[in-house]
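Worksheet: one structure, shown below.
2 protein chains.
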Amino acid sequence: MKKLHNFSAGPSILPQEVFEKAAAGVRDLNGSGLSILEMSHRSAPFKEIYNEAVSLVRELLGISDEMEVLFLTGGASTQFFMVPLNLLDEQGQAAYLDTGTWSTKAIKEVSQFGKVNVVASGKEDGYTSIPKSYAVPSASTYFHITSNNTIYGTQLHEVPQVDVPIVADMSSDIMSGPLNTDPYGVIYAGAQKNLGPAGTTLVIIRKSLLGKIERQIPTMLNYQTHIEKNSAFNTPPVFPIYATMLNLRWLKANGGLAGAKARNEEKAKVIYDEIDRNTLFEGVTVAEDRSLMNATFVLKDPSLEADFVERATSAGCVGIKGHRSVGGFRASIYNAMPKSSVQALVDQMQAFEHHVTSH
Amino acid sequence: MKKLHNFSAGPSILPQEVFEKAAAGVRDLNGSGLSILEMSHRSAPFKEIYNEAVSLVRELLGISDEMEVLFLTGGASTQFFMVPLNLLDEQGQAAYLDTGTWSTKAIKEVSQFGKVNVVASGKEDGYTSIPKSYAVPSASTYFHITSNNTIYGTQLHEVPQVDVPIVADMSSDIMSGPLNTDPYGVIYAGAQKNLGPAGTTLVIIRKSLLGKIERQIPTMLNYQTHIEKNSAFNTPPVFPIYATMLNLRWLKANGGLAGAKARNEEKAKVIYDEIDRNTLFEGVTVAEDRSLMNATFVLKDPSLEADFVERATSAGCVGIKGHRSVGGFRASIYNAMPKSSVQALVDQMQAFEHHVTSH
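First to last, the sequence lines map onto chains H and F.
Here this note's numbering is used: the first residue of the first sequence is 1, the next is one more, and so on.
Here this note's numbering is used: the first residue of the second sequence is 360, the next is one more, and so on.
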């Protein structure tokens, strides 16, 4: 079967060799006589897998011993409330930057635990740019950002300069390039874009932020529980962690995060150059805030949309329909997306321009 | 590679054909040109998988429209607090039966949300039997049981007769036999024993129990959220749900839950008969409460343990060491365990008896 060019926003493309190795592990993990699916989370082989995944996260992101690395479940949506539940005192306040749907969902969960201060919002311009003029009160317990906005196709290209720890939802751009983790108190990311398959959530947390509030916290929602048990207080999602580890190995073997960034910039240039050149299409977001992960664009004449989707799909380019709240198109070009797939989509955009303008 | 006899308590054995089909889907899902790992949770193929998994749960357990079937994450450990968070008013009280470690953990999470009434506990006799003399006050919002106690090897063979809805943690014996769901308000089960690989949690909930309390609930912890969104409020664990669906298909094709029960009773008889016959071993639990899923036993002379483990392991019988809180041995013989594997362990017990008594 011919592989498709998979532009899905997530779950999304992973390297072909990760699929091959993960499939082999489902049959028999490294000649152990057992499938990874039937292997105890207390077994030596799984502990090795887990430890390697944590080590690779530490190595790739350059994480110091001041931060813990956890693989949890429940997605970023669970971190939306675990963060204030664990860090924010009822008398305290947290600052949030509203850059889209996922920021808004994160903000919604805070007020149950403390005061929420939305320092700026891109809502008025339809989240097509990242607000840059705002002040974060130094009394804030933390400042929450969404580093990449999957739905709108914007990305924070500079880390905000603030006096308080940054908490970042990096679900859609984690590991897309080198990161200085110093400004961060918490980094979290659902696995299902650059990390691995759906089913586990990476949480990186600065230890000095913990243990400061008195609130009673259900055991499973307390970061301390998972730190003490190496993410195995209860049965962890064994296979999603295994596949994530395989993908992190691939990332390391392919130039690490510097290599990823170079490839991502190159791919983004290919698609955005075409969006800007092609007379039929235009970009959705302001140029300076364009995401390297999710390129959003529309047809100036929306009546042509169905025709373009059909032609692109026939050529093997799938998953390009924009999120229902934005419309148009979205090409998600995560780490594992080869440049040749981006070129295949660009070829379709050019062919479509030729088709439309020659009629 | 020769397959081992995998007696792990969970994650645990699944049918070989489930491993084969799951591995094939990781390479390419049904000739789609995409791996199941890169497939959007909003795609038609995944929606079909999800709907088939829900339908199979409904069909196998005979669940009426009065109950919702959800696939969530976070394991039974998350249900320990989601149940009282969603169902128990601060003025209300819930009754709990303490039959072991997992019951105890469930009980620990309740007091934050309402009053907890432990109606009976097996703690004093080391959880080797299921308490049967107790009364559940009719003012209880619900009565919580752990239907099978993985660690100790006990199982409730009769549903308690009570006037309130039963909430059951069935993590280790769900789908092991036919079930009348009428007495139940909530049934929950981590997938990683009889259902599928680790990474998803089945939650079956009676709709009439919801919407009765005023408490503010984080969106992800509210059952109503997941009911309204068909378990896809956020990205669900796509692969664990896929593999679970494959396993449910296997269960249906192999005689459904009546077939499973017949095989499980036959297998349990093989191992318990040997435990009772063999002069070196003895069972841990009272006979009437013996689990059909986890047979616990010890060597009367504990100094022989290491030798037996080594011999059994050499013969391919792995995962037989008892939980650290009980010691001895535990043979988990879930649905997918073939009788021939149970016989292989029994053969080792007999050979060991011969080896020891002939010296």
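C-beta: ideal position from N, C-alpha, C; glycine also.
Keep in mind that this is a model prediction, so the values were computed, not measured.
Nearest-angstrom Cα separation, counted from Phe405 (chain F) out to Asn539 (chain F): 30 Å
Nearest-angstrom Cα separation, counted from Ile241 (chain H) out to Thr235 (chain H): Answer to the nearest angstrom: the Cα atoms are 12 Å apart.
Close beta carbons around Leu447 (chain F), own chain, < 6 Å, minus the five adjacent residues each side: Ala453, Phe472, Gly473, Thr500
Proximity to Asp666 (chain F) [Cα-Cα], best of F:Glu712, F:Lys571, F:Gly459: When only C-alpha atoms are compared, the closest one is F:Glu712.
Beta-carbon proximity list for Val377 (chain F), same chain, < 7 Å, skipping 5 on both sides: Ala602, Leu605, Asn606, Trp609
Identity of the residues DSSP links to Val705 (chain F) by a beta bridge: The partner list for Val705 (chain F) (beta bridge, DSSP) is empty, contrary to what the question assumes.
CA-to-CA distance, Thr644 (chain F) to Gly459 (chain F), given in whole angstroms: When rounded, the distance between both Cα atoms is 12 Å.
Under 8 Å by beta carbon: chain A residues contacting Met398 (chain F): Looking at the structure shown, chain A is missing, and the protein chains on hand are H and F.
Pair within 8 Å by beta-carbon distance, Leu456 (chain F) and Asn6 (chain H): no
Whole-angstrom distance between Thr437 (chain F) and Asp660 (chain F), CA atom to CA atom: 39 Å
Chain F within 8 Å of Gln192 (chain H), Cβ atoms only: yes
Neighbour-count burial assignment, Ser325 (chain H), 16 or more Cβ in a 10 Å radius: Looking at its Cβ environment, which holds fewer than 16 other Cβ atoms inside 10 Å, Ser325 (chain H) is exposed.
Sequence-distant residues of the same chain with beta carbon closer than 7 Å to Ala498 (chain F), five excluded per side: Within the same chain, Cβ atoms closer than 7 Å to the Cβ of Ala498 (chain F) are found at Gln452, the five residues on either side in sequence being excluded.
Continuous beta strand (DSSP E) assignments of at least 3 residues falling wholly in the stretch 282 to 336 of chain H: As far as the stretch 282 to 336 of chain H is concerned, its whole beta strand (DSSP E) runs of at least 3 residues are 294 to 299, 329 to 332.
Between the CA atoms of Gln551 (chain F) and Ala703 (chain F) - distance to the nearest angstrom: 23 Å
8 Å contact criterion, which Phe297 (chain H) and Leu37 (chain H) should meet: CB distance rounded: Actually they are not in contact, since the Cβ atoms of Phe297 (chain H) and Leu37 (chain H) sit about 40 Å apart, beyond 8 Å.
Given Ser530 (chain F) as reference, the closest of F:Ala591, F:Lys467, F:Asn653 once Cα atoms are compared: F:Asn653
Residue-chain proximity (Pro595 (chain F), chain H), Cβ-Cβ < 8 Å: yes
Near-chain F residues of the stretch 48 to 82 of chain H - C-beta to any C-beta below 7 Å: Look at the stretch 48 to 82 of chain H: the residues with a C-beta under 7 Å from a C-beta of chain F are Thr73, Gly74, Gly75, Ser77, Thr78, Phe81.
Cβ of Val685 (chain F) within 8 Å of any chain H Cβ: no
Distance between beta carbons of Met39 (chain H) and Pro370 (chain F), contact taken as under 8 Å: 6 Å
Closest Cα partner of Phe502 (chain F) within the set F:Val428, F:Pro519, F:Arg386: F:Pro519
Endpoints, the alpha helix (DSSP H) within which Gly256 (chain H) is located: Residues 256 to 277.
C-beta atoms of Leu70 (chain H) and Val167 (chain H) nearer than 8 Å: no
Three-state secondary structure assigned by DSSP to Gln514 (chain F): strand
Beta-ladder partner(s) of Gly392 (chain F), from DSSP: Answer is none; Gly392 (chain F) lacks a bridge partner.
Member of H:Thr146, H:Ala262, H:Gly256 whose CA lies at the smallest distance from the CA of Tyr184 (chain H): With distances taken between Cα atoms, Tyr184 (chain H) lies closest to H:Thr146.
Exposure of Asn194 (chain H), with buried meaning 16 or more beta-carbon neighbours within 10 Å: buried
Proximal residues to Ser8 (chain H) (C-beta, below 7 Å), its chain only, five neighbours per side dropped: Gly319, Ser332
Three-state class that DSSP yields for Asp125 (chain H) in the structure shown: helix
Cross-chain neighbours of Leu363 (chain F) in chain H, by beta carbon under 7 Å: Gly33, Leu34
Spatially closest choice to Glu68 (chain H) from H:Lys229, H:Leu292, H:Leu304, by CA coordinates: The shortest Cα separation from Glu68 (chain H) among H:Lys229, H:Leu292, H:Leu304 belongs to H:Lys229.
Contact set for Ala591 (chain F): own chain, Cβ-Cβ below 7 Å, skip 5 residues either direction: His400.
Pair within 8 Å by beta-carbon distance, Leu420 (chain F) and Ile576 (chain F): no
Selection of the stretch 551 to 579 of chain F by Cβ proximity to chain H, strictly under 7 Å: Answer set for the stretch 551 to 579 of chain F: Gln551, Pro556, Ala557, Gly558, Gln575, Pro577, Thr578, Met579.
Chain H residues whose Cβ lies nearer than 7 Å to that of Gly678 (chain F): Ser40
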